[in-house]
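Chains as they are written, first to last, in this note's numbering: chain A, 2 to 317; chain B, 2 to 317.
Down below is the structure, laid out as structure tokens.
In structure tokens:
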């Protein structure tokens with residue numbers, strides 16, 4: 002019998018959350034989504050068996066507490082994820098990311114039943130200009146309020162795990178792309194839409210600026226492996242980078258989209274934006290060793306699938 | 002002419018603050034203290050030339066803003082510093098340490114004149130059980146809410162420095178001891194008082210538990226060197242460990258006090274307390290290289306001076 006049967010997913014209607022909940026329902030988990038419903042994916046999923054959706058802001062502590070107390074695990078995905086917006090509104094980002102995470106941790110600390118949490122952190126924004134490739138032993142160096150918010154959460158999750166008997170897994174995601182993210186403004190989505198619309202790409206800084214892209218299905222697979230890992234965990238707190246260990250420049254991303262679309266978009270270069278990281282890629286060796294994680298999607302295949310998903314879902 | 006002439010010290014009546022302000026006044030700095038007056042040192046310093054003392058809680062943003070806007074530098078020492086209390090009251094600690102630091106950073110971000118901050122962080126609590134010796138390249142691993150609070154502040158100071166043009170120096174203090182800390186409950190003060198009172202020492206965990214003790218006068222000297230370093234700084238944000246690079250066990254501390262007092266106190270061992278670090282010592286090589294920092298007090302001399310200071314100031 003599974004130790005973990007009933008899972009709360011905060012931000013469960015968001016890009017990663019939606020894909021993850023689909024996977025959980027296939028795996029026969031009972032799922033409770035807490036989400037403020039801004040992503041517009043609710044209609045695609047509501048009414049499904051083994052699923053409840055709560056339209057609650059994550060800062061409403063009392064309501065959240067009752068939901069969490071009935072579950073075995075919290076997957077905390079709800080967050081303000083945009084680096085540039087965090088530079089414009091650092092306090093808003095702090096409140097949405099750090100304050101709400103501390104509130105969740107307090108609920109877990111006081112809960113009789115629910116003592117497990119999986120937290121979505123970030124690789125690039127947290128590492129800043131630390132020379133890549135980075136791994137779990139690299140020193141964090143956040144250069145944006147968003148990166149700082151995730152580091153703050155990681156520190157508190159570590160401390161709460163040690164002091165109050167929580168079991169926690171933190172995943173530092175690379176740049177996640179894939180289907181069901183129509184509300185997202187990430188560069189992969191934007192460039193694919195530009196390609197479909199024959200619009201010039203905009204590059205901030207340099208075409209050599211790089212990221213480590215990872216497909217959302219690989220992220221979901223890793224989270225499932227993380228859930229299984231709880232029963233084997235020797236420490237209260239474990240941290241994993243999830244990425245492809247591949248440095249993809251913006252030039253390479255544009256080239257990859259061109260191979261699928263056969264349309265060559267021009268691009269213009271604007272100023273580097275404060276808070277953004279110049280280069281980033283990560284090793285996933287630890288996740289491979291302990292979780293047996295191995296990303297299945299290469300960029301070419303992932304972009305191809307996403308190109309046609311966006312064409313079908315946003316343009317038809 | 003000095004670039005930095007007028008300095009705000011938050012927590013300027015506390016243990017480190019009081020010693021630091023004394024040094025600043027000798028060096029002809031103009032000093033503004035923001036302090037909630039709990040330490041009882043106010044009467045020792047009030048009325049001095051070039052000094053103003055404001056009895057304001059650091060969370061009162063409007064009042065604090067007016068004070069800071071008139072200065073060249075903020076030294077932010079005000080904090081809840083006790084690991085064990087942070088485990089008992091993590092939210093109180095979060096509000097006092099993280100929330101107030103973010104507020105200060107917002108003031109500096111918006112200030113025309115005051116863009117510099119020196120922040121007091123911690124070595125041991127932030128590093129947790131990372132095997133010592135640690136340095137600035139070691140990976141933080143906070144195992145108490147207090148350690149997590151300091152890591153959160155460091156991350157935000159780094160981010161604000163990068164995004165909003167602040168210049169920041171973070172000092173991670175070892176275990177600071179020395180005069181003018183009568184309100185402090187640290188182990189050095191406690192064991193000296195035990196010795197004077199012929200009371201049994203209490204050890205939590207093990208006599209082999211270790212710290213890297215540093216004299217408050219050495220800390221003050223390092224902060225002065227930090228102020229000079231602002232004019233040479235090549236980055237917006239710089240981090241230094243300040244310690245003696247010496248692992249001192251509780252057994253060694255007791256032995257050192259015995260050498261001064263000639264009185265052998267017995268000790269009893271109680272359970273290890275959650276959140277506390279087992280071993281800690283740090284390299285100060287970076288501070289030595291860049292700031293020319295070199296601690297002058299060895300433990301024997303520091304304990305001897307403090308023993309007689311406590312005898313004179315608390316027992317006469």
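Yeah, the Cβ is synthetic: ideal placement off N, Cα and C, and Gly gets one too.
Contact check, residue i vs residue j, beta carbons under 7 angstroms
i: residue 87 (chain A); j: residue 58 (chain A); result: no
i: residue 268 (chain A); j: residue 202 (chain A); result: yes
i: residue 75 (chain B); j: residue 118 (chain B); result: yes
i: residue 46 (chain B); j: residue 10 (chain B); result: no
i: residue 140 (chain B); j: residue 138 (chain A); result: yes
i: residue 123 (chain A); j: residue 151 (chain A); result: yes
i: residue 163 (chain A); j: residue 103 (chain B); result: no
i: residue 296 (chain A); j: residue 219 (chain A); result: yes
i: residue 171 (chain A); j: residue 120 (chain A); result: yes
i: residue 108 (chain B); j: residue 204 (chain B); result: no
i: residue 133 (chain A); j: residue 266 (chain A); result: no
i: residue 294 (chain A); j: residue 226 (chain A); result: yes
Residue i, buried or exposed, once every other Cβ within 10 Å from all chains shown has been counted against 16
i: residue 238 (chain A); result: buried
i: residue 2 (chain A); result: Residue confidence is low: residue 2 (chain A) scores 48 on pLDDT, short of 50, so the model does not pin down where it sits. Its coordinate-derived value is still stated next. The residue in question, residue 2 (chain A), is exposed, as its Cβ has fewer than 16 Cβ neighbours within 10 Å.
i: residue 111 (chain B); result: exposed
i: residue 41 (chain A); result: exposed
i: residue 44 (chain B); result: exposed
i: residue 317 (chain B); result: exposed
i: residue 185 (chain A); result: buried
i: residue 262 (chain A); result: buried
i: residue 318 (chain B); result: Chain B is shown from 2 up to 317; residue 318 (chain B) falls before or after that span and cannot be answered.
i: residue 222 (chain A); result: buried
i: residue 155 (chain A); result: buried
i: residue 224 (chain A); result: buried
i: residue 181 (chain B); result: buried
i: residue 39 (chain A); result: exposed
i: residue 94 (chain B); result: buried
Euclidean distance between Cα positions of residue i and residue j
i: residue 55 (chain B); j: residue 48 (chain B); result: 12 angstroms
i: residue 197 (chain A); j: residue 157 (chain B); result: 39 angstroms
i: residue 314 (chain A); j: residue 241 (chain B); result: 52 angstroms
i: residue 135 (chain B); j: residue 174 (chain B); result: 12 angstroms
i: residue 272 (chain A); j: residue 209 (chain A); result: 14 angstroms
i: residue 290 (chain A); j: residue 148 (chain B); result: 29 angstroms
i: residue 195 (chain A); j: residue 278 (chain B); result: 53 angstroms
i: residue 309 (chain A); j: residue 252 (chain A); result: 21 angstroms
i: residue 165 (chain A); j: residue 8 (chain A); result: 20 angstroms
i: residue 126 (chain A); j: residue 61 (chain B); result: 31 angstroms
i: residue 24 (chain A); j: residue 32 (chain A); result: 11 angstroms
i: residue 259 (chain A); j: residue 168 (chain B); result: 43 angstroms
i: residue 5 (chain B); j: residue 98 (chain A); result: 36 angstroms
i: residue 248 (chain B); j: residue 212 (chain B); result: 6 angstroms
i: residue 214 (chain A); j: residue 63 (chain A); result: 37 angstroms
i: residue 243 (chain A); j: residue 101 (chain B); result: 33 angstroms
i: residue 229 (chain A); j: residue 179 (chain A); result: 24 angstroms
i: residue 189 (chain A); j: residue 80 (chain A); result: 20 angstroms
i: residue 19 (chain A); j: residue 26 (chain A); result: 11 angstroms
i: residue 216 (chain A); j: residue 234 (chain A); result: 26 angstroms
i: residue 347 (chain A); j: residue 77 (chain B); result: A query on residue 347 (chain A) cannot be resolved here, the shown segment of chain A reaching from 2 to 317 and no further.
i: residue 300 (chain B); j: residue 274 (chain B); result: 25 angstroms
Alpha helix (DSSP H) segment containing residue i, residue limits
i: residue 233 (chain A); result: Element bounds for residue 233 (chain A): n/a, residue is neither H nor E.
i: residue 86 (chain B); result: 84–89
i: residue 189 (chain A); result: 188–198
i: residue 16 (chain B); result: 16–27
i: residue 177 (chain B); result: Where residue 177 (chain B) is concerned, there is no enclosing alpha helix (DSSP H), although the beta strand (DSSP E) it sits in stretches over 176–178.
i: residue 167 (chain A); result: Counting along the chain, residue 167 (chain A) falls outside any alpha helix (DSSP H), and DSSP gives it neither H nor E.
i: residue 101 (chain B); result: 101–111
i: residue 309 (chain B); result: 300–315
i: residue 273 (chain A); result: Here residue 273 (chain A) belongs to no alpha helix (DSSP H), and DSSP marks it neither H nor E.
i: residue 260 (chain A); result: 251–262
i: residue 53 (chain B); result: That residue, residue 53 (chain B), is in no alpha helix (DSSP H); its beta strand (DSSP E) goes 52–55.
Residue range of the beta strand (DSSP E) that includes residue i
i: residue 239 (chain A); result: 238–243
i: residue 35 (chain A); result: 31–35
i: residue 279 (chain A); result: Here residue 279 (chain A) belongs to no beta strand (DSSP E), and DSSP marks it neither H nor E.
> Which of the residues in the segment 134–158 of chain B, read from start to end, lie with their CB under 9 angstroms from any CB of chain A?
Replying inline: 137, 138, 139, 140, 141, 142, 143, 144, 145, 146, 147, 148, 149, 150, 151, 152, 153, 154, 155, 156, 157, 158
> Looking at chain A, which residues of the segment 263–284 of chain B have a Cβ within less than 8 angstroms of any of its Cβ atoms?
Replying inline: 275, 276
> Of all the residues that make up the segment 158–188 of chain B, which are near chain A by a beta-carbon distance shorter than 8 angstroms?
Replying inline: 159, 160, 161, 163, 164
> In the segment 75–87 of chain B, which residues sit with their C-beta less than 9 angstroms from some C-beta in chain A, listed in chain order?
Replying inline: 87
> Closer than 9 angstroms, Cβ to any Cβ of chain B: which residues of the segment 108–122 of chain A, in chain order?
Replying inline: 110
>> Can you pull out the residues from the segment 227–241 of chain B whose beta carbon lies closer than 7 angstroms to at least one beta carbon of chain A?
In response: none
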